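Add 79 to the 1-based position in the sequence shown for this note's numbering, that's all there is to it.
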Amino acid sequence: MKFYVYILECSDKTLYTGYTNDIKKRLYEHNNTSNGARYTSGRRPLKLVYIESYSTQSDAMKREAQIKKLSRANKLLLTRNLQQ
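The structure is reproduced here in structure tokens:
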């Protein structure tokens, strides 16, 4: 099973970082249900702007924590690298 670390861009241009084992389902939950994070519920629609995959949940959680500690500018650099 794969695990994914992702960054979402919210409608107010803020960034949300999370991890999941089903990225399509999680993005749907963030955008359409009450199962998304409380932070994102009032900031819809959300757009997936960055994703990384990992083979273990532990590695994904560690990377999520690293990304959450980054400044907004550094998170934006990650998203730009993906888009190129």
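Here a beta-carbon is modelled for each residue, glycine too, at the ideal position from N, C-alpha and C.
Since this is a predicted model, take the numbers as computed values, not measurements.
Indicate the three-state DSSP secondary structure (helix, strand or coil) for residue i in the structure shown.
i, result
"Leu125", "coil"
"Leu155", "helix"
"Leu149", "coil"
"Ser120", "helix"
"Ser90", "coil"
"Ser132", "strand"
Is the Cβ-Cβ distance between residue i and residue j less than 8 angstroms?
i, j, result
"Tyr85", "Gly97", "yes"
"Leu94", "Lys154", "yes"
"Tyr118", "Thr158", "no"
Taking only the alpha-carbon atoms, compute the straight-line gap between residue i and residue j and give it to the nearest angstrom.
i, j, result
"Asn111", "Leu127", "14 angstroms"
"Lys141", "Ser134", "12 angstroms"
"Gln136", "Arg105", "15 angstroms"
"Asp138", "Lys92", "27 angstroms"
"Thr212", "Arg123", "Outside the displayed span of the chain (80 to 163) sits residue 212, for which this structure offers no information."
"Lys147", "Asn160", "17 angstroms"
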